[in-house]
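S.K.: The structure that follows is given in the form of structure tokens.
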Amino acid sequence: MSSPRKIAVLGAGAWGTALALHLAKVGHAVNLWTHREEQAQQLRTDHENARYLPGIKLPDNLNPVASLVDALYQVEGILLVVPSNAFRQTLMAIKEVVASRSVHIAWATKGFEPVTQKLLHEVAFEVLGDTANVTVLSGPTFANEVAKGLPTAMVSASNQEQEAQYWADLFHCDSFRMYTQSDMIGVEVGGAYKNIMAIATGISDGLGMGANARAALVSRGMVEMMRLSQALGGQTETMMGLAGLGDLVLTCTDDLSRNRRFGFGLARGDMSSEQVMNEIGQVVEGAKAVKTVKQLADKLGLDLPIMEQVYLLVSEKISPQQAVKALMTRSGKSE
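Numbering (the numbering used here), first residue to last: 800 to 1134.
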């Protein structure tokens, strides 16, 4: 691993806490920021994030704070792990600190900016300037497993090779491998689109459609991911790596995925989208991402049939059974 650094992790949900835990365990001094003082106090008192990661103790070199000024004090790296709809606002809040000294910025947020349909690296360059030191971290990961120190691999992508390597070195240890690459577009598309496909496979499995149907959805979902990535300027090869295929398989096949559980809830047919989200109790990024991707697909003239049916389901315009029929009765074509 790299020599000990001082890092701020912004966002104390399950994923932010897990990444902060990992960085602290490998020896870095970590400030974990939450915008709620009562949560910061609970984390300091209990030494665990009882809501999201119960039973996993926070080490002494992880410092929960509710003051953004305190969180950013003398740090050399800032990792954003906030919902995509709060991404720009959080960048604006740290902009002066970033401008005043050379700070490494990364995010493990997955999704698009909902209003503008922009990828998050576009938002970052827009807010911080096109010479900012920025990196996106993504890959097939569940927070609980990272927090427990189970074997994990991710990807660190930046338009500056040294920035991607900085974050890879920061996370590296015997149980955690971080690959580097430069395709920020492909990595971000994969991280957002796989959540939509997880909703689709959750619906399919919730309806009892079987393993054949799930495999078909994952495979054709991969094709849709590639179409969107290519249309936005991403590299096809990225979709075959951790941020594409890896994340897609993980999220579509394991019930730890809240997007997949959201699909299960929709398949029951007795609750609205909002009610299913409330039952899960955490942000379901795919439900937001599908609305953005629908707008992008219409703008770019892309054929993304699985996404289209998930969009209609989340918008409560069709039933799960109607979605299945619409996909299965499409005209035949060459693969």
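In this text, a Cβ means the ideal position worked out from N, Cα and C, and glycines have one as well.
Keep in mind the model is a prediction, meaning the values are calculated, not measured.
Tell me whether Val1083 is buried or exposed, calling it buried when 16 or more other Cβ atoms sit within 10 Å of its Cβ.
M.R.: It counts as buried.
S.K.: Please report how far the alpha carbon of Leu918 lies from the alpha carbon of Lys909, in whole angstroms.
M.R.: Approximately 9 Å, taken between the alpha carbons.
S.K.: Can you pull the DSSP bridge partners for Ala807?
M.R.: Note: Ala807 sits in a beta bridge opposite Asn830, Ile877.
S.K.: What do you reckon, are the CB atoms on Ala796 and Glu836 nearer than 8 Å?
M.R.: The displayed coordinates of the chain run from 800 to 1134. Any statement about residue 796 would go beyond what the structure contains.
S.K.: Where does the unbroken alpha helix (DSSP H) through Phe924 begin, and where does it stop?
M.R.: It spans 919-927 - the alpha helix (DSSP H) in which Phe924 sits, taken as one unbroken run.
S.K.: According to DSSP, Leu936 sits in a beta bridge with which residue or residues?
M.R.: Answer is Ser955.
S.K.: Could you please give me the residues that DSSP links to Lys856 through a beta bridge?
M.R.: Answer is Glu847.
S.K.: Whole angstroms are fine: how far does the CA of Ser957 sit from the CA of Lys947?
M.R.: Going by the C-alpha atoms only, they are around 27 Å apart.
S.K.: How many whole angstroms separate the CB atoms of Thr951 and Ser974, which I take to be in contact at a CB cut-off of 8 Å?
M.R.: Going by Cβ atoms, the distance from Thr951 to Ser974 rounds to 7 Å, so yes, they are a contact pair.
S.K.: What does the alpha-carbon distance come out to for the pair Met996 and Leu936?
M.R.: So the two alpha carbons sit approximately 20 Å from each other.
S.K.: In angstroms with no decimal places, state the Cα-to-Cα distance between Thr1037 and Gly985.
M.R.: Their Cα atoms are separated by approximately 6 Å.
S.K.: Per DSSP, Met977 is paired with what?
M.R.: According to DSSP, which records beta bridges pairwise, Met977 is partnered with Met953.
S.K.: Give the DSSP bridge partners of His903, in chain order.
M.R.: Answer is Gly876.
S.K.: Please confirm whether Ile806 and Val829 have their CB atoms less than 8 Å apart.
M.R.: Going by C-beta atoms, Ile806 is nearer than 8 Å to Val829.
S.K.: Taking contact to mean 3 or more Cβ pairs, one atom from each stretch, closer than 8 Å, check whether the segment 999-1010 and the segment 1049-1061 are in contact.
M.R.: These segments touch.
S.K.: Does Pro1119 come out as helix, strand or coil in the three-state DSSP assignment?
M.R.: Helix at Pro1119.
S.K.: Looking at the unbroken beta strand (DSSP E) that takes in Pro913, where does it start and where does it end?
M.R.: Unbroken run through Pro913: none, as it is neither H nor E.
S.K.: What does Cys1051 pair with, by DSSP beta-bridge criteria?
M.R.: Bridge partners of Cys1051: none, in fact.
S.K.: The beta strand (DSSP E) with Leu861 in it runs from where to where?
M.R.: Run containing Leu861: 861-864, per the beta strand (DSSP E) assignment.
S.K.: In chain order, what are the residue ranges of uninterrupted alpha helix (DSSP H) at least 4 long that sit wholly in the segment 1039-1108?
M.R.: Counting whole runs of 4 or more residues, the segment 1039-1108 contains the alpha helix (DSSP H) stretches 1046-1052, 1057-1067, 1072-1079, 1084-1099.
S.K.: Smallest Cα separation from Met1024: which of Ala991, Thr889, Val945?
M.R.: When each option's Cα is compared against that of Met1024, the closest is Ala991.
S.K.: What residue from Thr915, Leu809, Pro863 has the CA that sits closest to Ile893's CA?
M.R.: Comparing Cα positions, the closest option is Leu809.
S.K.: Using a Cβ-Cβ cutoff of less than 7 Å, which residues in the same chain neighbour Asp982 once the five nearest sequence positions on both sides are dropped?
M.R.: Within the same chain, Asp982 has close Cβ partners Ala956, Gly1033, Gln1034, Thr1037.
S.K.: Relative to the ligand NAP, is the shortest distance from any of its heavy atoms to the C-beta of Gly1080 smaller than 7 Å?
M.R.: With respect to the ligand NAP, the structure shown offers nothing to examine, as it has no ligands at all.
S.K.: Are at least three pairs of beta-carbons, each pair with one atom in the segment 921-934 and one in the segment 958-965, less than 8 Å apart?
M.R.: Taking 8 Å as the limit for Cβ pairs, the verdict is that the segment 958-965 does touch the segment 921-934.
S.K.: What's the call for Pro863, buried or exposed, on a 16-neighbour Cβ count within 10 Å?
M.R.: Classification of Pro863: buried, given that the 10 Å Cβ count is 16 or more.
S.K.: From which residue to which residue does the alpha helix (DSSP H) around Phe970 run?
M.R.: Per DSSP, Phe970 belongs to the alpha helix (DSSP H) from 960-970.
S.K.: Tell me whether Met983 sits in a helix, a strand or coil according to DSSP, three-state version.
M.R.: Helix, per DSSP.
S.K.: According to DSSP, simplified to helix, strand and coil, what is Gln838?
M.R.: Looking at Gln838 - three-state DSSP - the assignment turns out to be helix.
S.K.: Assuming Ala819 contacts Leu861 under a Cβ cut-off of 8 Å, what Cβ separation, rounded to an integer in Å, is found between them?
M.R.: With a Cβ gap of about 6 Å, Ala819 and Leu861 count as contacting.
S.K.: May I ask you to report which of helix, strand or coil DSSP gives Arg1026?
M.R.: Residue state, collapsed to three classes: helix.
S.K.: Answer yes if the segment 1071-1091 comes into contact with the segment 881-889, meaning at least three C-beta pairs across the two stretches below 8 Å, and no otherwise.
M.R.: With the cut-off at 8 Å, the segment 881-889 and the segment 1071-1091 touch.
S.K.: Decide if Arg1067 is buried, meaning its Cβ has at least 16 other Cβ atoms within 10 Å, or exposed.
M.R.: Burial call: exposed.
S.K.: With a CB to CB cut of under 6 Å and the five nearest residues on each side skipped, what residues in its chain are close to Phe970?
M.R.: Closer than 6 Å at Cβ, skipping near neighbours: Met977.
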